[in-house]
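Colleague: These protein sequence lines are chains A and B, in that order.
Residues 1 to 217 in this note's numbering are what the first sequence lists, from first letter to last.
Residues 218 to 434 in this note's numbering are what the second sequence lists, from first letter to last.
There are 2 protein chains.
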Amino acid sequence: MRYAILGTGDVGRTLGGKLAELGHEVTLGSRTKDNPTALEWARSAGAGARAGTFTEAASSAEVVVNAVGGQVALAVLEAAGAAQLDGKVLVDVANPMRFEDGELRLSPVESDSLGEQIQRAFPHARVVKTLNTVNSQVMVDPSLVPGEHQVFVSGEDTGAKAQVTSMLGEFGWPPHRVLDLGGIRSARSVEMLLPLWLDLFRHLGHAEFNLEVRRGH
Amino acid sequence: MRYAILGTGDVGRTLGGKLAELGHEVTLGSRTKDNPTALEWARSAGAGARAGTFTEAASSAEVVVNAVGGQVALAVLEAAGAAQLDGKVLVDVANPMRFEDGELRLSPVESDSLGEQIQRAFPHARVVKTLNTVNSQVMVDPSLVPGEHQVFVSGEDTGAKAQVTSMLGEFGWPPHRVLDLGGIRSARSVEMLLPLWLDLFRHLGHAEFNLEVRRGH
């Protein structure tokens with residue numbers, strides 16, 4: 001599969017590295033062609049790894065992953081170009097967070113979500129929200145945390161969710177640990193987990209944790 | 218221990234019933250002295266169970282539990298009387314939710330929480346937020362759900378959190394399954410779990426579930 005990863009931060013490099021390791025062609029997209037972080041990543045991530053602009057990355061890809069900060073995601077996708085996203089699976093792993101005077105703020109929150117904003121702005125993309133509830137290391141190696149803990153998928157397109165579930169399976173998340181929460185509106189629920197994630201991070205002192213939904217029947 | 222449970226809904230009656238069964242004195246508080254639901258509850262809940270007004274319930278209690286809907290909680294606590302809450306442990310189990318045109322809305326959310334609102338309005342009460350993340354049946358019988366799933370406590374007063382942890386222990390939550398998230402500000406995190414709880418309720422088709430924090434180390 002040909003993937004575009006938009007964003008050269010920890011999440012983008014970790015997801016891109018894992019996908020390249022799995023044998024996929026991966027272009028790490030950034031604002032400029034000569035982004036040193038992206039070039040260094042491409043050198044070290046193996047045969048299928050390339051660096052390029054957002055547009056170059058998205059145009060060659062079958063699946064596009066939004067791995068930039070939530071506050072710039074719409075601008076970055078706009079820079080990639082709506083035409084490059086049409087009909088493609090667009091995986092949104094971002095949280096719409098920012099720190100304001102040392103306080104975590106989420107925006108949008110409760111009555112809207114980043115996942116929905118992206119789907120509205122790019123109505124021909126097949127948006128799937130997933131993986132935003134775990135640390136980047138856990139995203140690509142769930143065995144770092146014991147137990148049958150889960151990830152979630154939210155989106156309007158059943159085929160796109162099936163394709164993302166398959167990608168998650170390659171990362172180590174078997175299908176029964178991928179909970180389909182419904183349409184893209186449920187991106188609100190998983191984005192609103194972020195404050196609890198941060199409180200747990202403070203409580204535990206590390207990021208190697210996840211939630212397991214336990215059920216009585 | 219003498220408990221006041223404010224609210225005669227499912228949560229109030231379930232918590233009050235369990236506390237009475239455990240041998241505590243429990244007054245179920247409502248707006249009026251002759252609330253039929255409260256009187257019926259008191260008749261059936263055993264020797265230690267009484268019904269009364271919000272003020273009567275709170276004045277006789279050592280621990281007060283807010284189990285009314287989040288949108289009326291401040292008004293109900295005002296009706297109980299600030300003087301009746303001074304110095305007491307005030308357990309807030311409510312979610313500030315309402316349905317608007319069939320949509321769930323949370324208010325306050327993200328930049329504030331019901332737990333914080335209550336602590337600000339009643340600065341001499343020792344507010345502890347807990348149990349709002351599980352269904353009433355699971356609150357008083359965690360064994361309905363398998364696994365080492367947890368509940369959270371949030372509050373400024375360490376002694377009050379210890380007392381609530383002890384009450385939770387009587388319900389069946391051992392201390393290692395009570396996660397202290399910190400000050401009352403962390404009520405935001407647990408209140409913001411409600412949309413995910415509702416999505417999971419729809420996904421699973423029942424309310425007998427809870428989250429278990431799994432950790433890598």
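Don't be surprised by glycine CBs; every beta carbon is placed ideally from N, CA and C.
Please read all numbers here as calculations on a predicted model, not as lab measurements.
Considering only C-alpha positions, which residue in the set B:Asp-374, B:Arg-322 and B:Ala-311 is nearest to B:His-341?
Modeller: If we check each option's Cα against that of B:His-341, B:Asp-374 comes out closest.
Colleague: Can you tell me the Cβ-Cβ gap for B:Trp-414 and B:Thr-350, rounded? I've got them flagged as a contact below 8 Å.
Modeller: Yes, they are in contact, since the Cβ atoms of B:Trp-414 and B:Thr-350 sit about 7 Å apart, within 8 Å.
Colleague: Going by DSSP in three states, A:Arg-31 sits in which element: helix, strand or coil?
Modeller: Note: A:Arg-31 maps to coil in three-state DSSP.
Colleague: Mind pulling the beta strand (DSSP E) runs of 3 or more residues that sit fully within the segment 286-311 of chain B?
Modeller: As far as the segment 286-311 of chain B is concerned, its whole beta strand (DSSP E) runs of at least 3 residues are 306-309.
Colleague: Determine the closest residue to B:Ala-255 out of B:Val-228, B:His-423 and B:Glu-317, with distance taken between C-alpha atoms.
Modeller: It is B:Val-228.
Colleague: Which chain B residues are close to A:Asn-95, counting only those with a beta carbon under 7 Å from its beta carbon?
Modeller: Those within 7 Å of A:Asn-95 in chain B number zero; the least Cβ separation is about 13 Å.
Colleague: Examine chain A for any beta-carbon lying closer than 9 Å to the beta-carbon of B:Leu-415, and answer yes or no.
Modeller: Closer than 9 Å to some Cβ of chain A, the Cβ of B:Leu-415 qualifies, so yes.
Colleague: Taking all protein chains shown into account, do 16 or more other C-beta atoms lie within 10 angstroms of the C-beta of B:Arg-419, making it buried, or fewer, making it exposed?
Modeller: Exposed, by the Cβ-count rule.
Colleague: Since A:Gln-150 and A:Leu-179 should fall inside the 8 Å C-beta cutoff, what is the C-beta to C-beta distance between them, to a whole number of angstroms?
Modeller: Right, their Cβ atoms sit about 5 Å apart.
Colleague: Using only the alpha-carbon positions, how far apart do A:Leu-85 and A:Arg-120 sit?
Modeller: Looking at the two C-alpha atoms, the distance is approximately 13 Å.
Colleague: So A:His-206 contacts chain B; which residues on that side make the cut at Cβ distance below 9 Å?
Modeller: Those are Arg-432, Gly-433 and His-434, listed as they occur along chain B.
Colleague: With 9 Å set as the bound, which would you pick, yes or no: does the beta-carbon of B:Arg-419 sit closer than that to a beta-carbon of chain A?
Modeller: Yes, B:Arg-419 lies at the interface with chain A (some Cβ there is under 9 Å from its Cβ).
Colleague: Of all the CB atoms in chain A, is at least one closer than 9 Å to the CB of B:Pro-253?
Modeller: Answer no: the Cβ-Cβ gap between B:Pro-253 and chain A never drops below 9 Å.
Colleague: Which same chain residues, not among the five before or five after B:Val-345, have their C-beta less than 6 Å away from its C-beta?
Modeller: These residues qualify, in order along the chain: Val-308, Val-370, Gly-372, Ala-377, Lys-378 and Val-381.
Colleague: Is the separation between the beta-carbon of B:Ile-222 and that of B:Ala-292 shorter than 9 Å?
Modeller: Cβ atoms of B:Ile-222 and B:Ala-292: not closer than 9 Å.
Colleague: Closer than 6 Å by C-beta to A:Ala-79: which residues in its own chain qualify, once you throw out the five before and the five after it? Chain order, please.
Modeller: Phe-54, listed in sequence order.
Colleague: Against chain B, which members of the segment 59-77 of chain A pass a CB distance test of less than 7 Å?
Modeller: Here the close residues number zero.
Colleague: Secondary structure at B:Glu-242, three-state DSSP: helix, strand or coil?
Modeller: Reduced to three states, the DSSP call for B:Glu-242 is strand.
Colleague: Distance check for B:Leu-239 and A:Gly-7, CA to CA, integer angstroms please.
Modeller: C-alpha separation (whole angstroms): 56 Å.
Colleague: For B:Asn-283, which beta-bridge partners are listed by DSSP?
Modeller: Answer by DSSP bridge pairing, in chain order: B:Leu-223 and B:Asp-309.
Colleague: Please name the residues in the segment 339-366 of chain B whose beta-carbon is closer than 7 Å to at least one beta-carbon of chain A, in chain order.
Modeller: Hits within the stretch, in order: Leu-361, Val-362, Pro-363, Gly-364 and His-366.
Colleague: Can you list the residues of chain B that A:Gly-182 reaches, using a CB-CB cut of under 9 Å?
Modeller: The answer, in chain order, is Asp-416, Arg-419 and His-420.
Colleague: Within the continuous beta strand (DSSP E) that includes A:Arg-50, where are the two ends?
Modeller: Here the beta strand (DSSP E) through A:Arg-50 covers 49-53.
Colleague: B:Met-218 by DSSP, collapsed to three states: which one?
Modeller: Correct three-state label for B:Met-218: coil.
Colleague: Quick check for students: name the residue ranges of the alpha helix (DSSP H) that lie wholly in the segment 111-178 of chain A, counting only runs of 4 or more.
Modeller: Those alpha helix (DSSP H) runs which fall completely within the segment 111-178 of chain A and span 4+ residues are 114-121, 136-140 and 158-171.
Colleague: I need the boundaries of the alpha helix (DSSP H) containing A:Leu-211, first residue and last residue.
Modeller: A:Leu-211 -> not in any alpha helix (DSSP H); beta strand (DSSP E) instead, spanning 209-215.
Colleague: Please list the partners that B:Val-326 has in chain A, where partner means a Cβ-to-Cβ separation under 7 Å.
Modeller: What B:Val-326 touches in chain A: Val-109 and Glu-110.
Colleague: Between which two residues does the beta strand (DSSP E) harbouring B:Arg-315 extend?
Modeller: B:Arg-315 -> beta strand (DSSP E) spans 314-317.
Colleague: Mark A:Ala-47 as exposed unless 16 or more other C-beta atoms lie within 10 angstroms of its C-beta, in which case mark it buried.
Modeller: Label assigned to A:Ala-47: exposed.
Colleague: Please classify A:Glu-116 as buried or exposed, where buried requires at least 16 other C-beta atoms within 10 Å of its C-beta.
Modeller: With 16 or more other Cβ atoms within 10 Å, it is buried.
Colleague: Assuming the contact rule is C-beta atoms closer than 8 Å, A:Gly-172 and A:Ser-143 should be a hit. Round their C-beta distance to whole Å, please.
Modeller: Sure, about 6 Å apart at Cβ, within 8 Å.
Colleague: By the DSSP assignment, the beta strand (DSSP E) with B:Leu-321 in it spans what residues?
Modeller: Looking at the DSSP string, the run of the beta strand (DSSP E) that includes B:Leu-321 is 320-323.
Colleague: Let's see if you can read the secondary structure: which residues bound the alpha helix (DSSP H) around A:Ser-189?
Modeller: Where A:Ser-189 is concerned, the enclosing alpha helix (DSSP H) stretches over 187-191.
Colleague: Indicate whether at least one CB of chain B lies closer than 9 Å to the CB of A:Val-190.
Modeller: Yes - at least one Cβ of chain B is within 9 Å of the one on A:Val-190.
Colleague: Count the other CB atoms, across all protein chains shown, that sit within 10 Å of the CB of B:Arg-431; report buried if there are 16 or more and exposed otherwise.
Modeller: Buried, because 16 or more other Cβ atoms sit within 10 Å of the Cβ of B:Arg-431.
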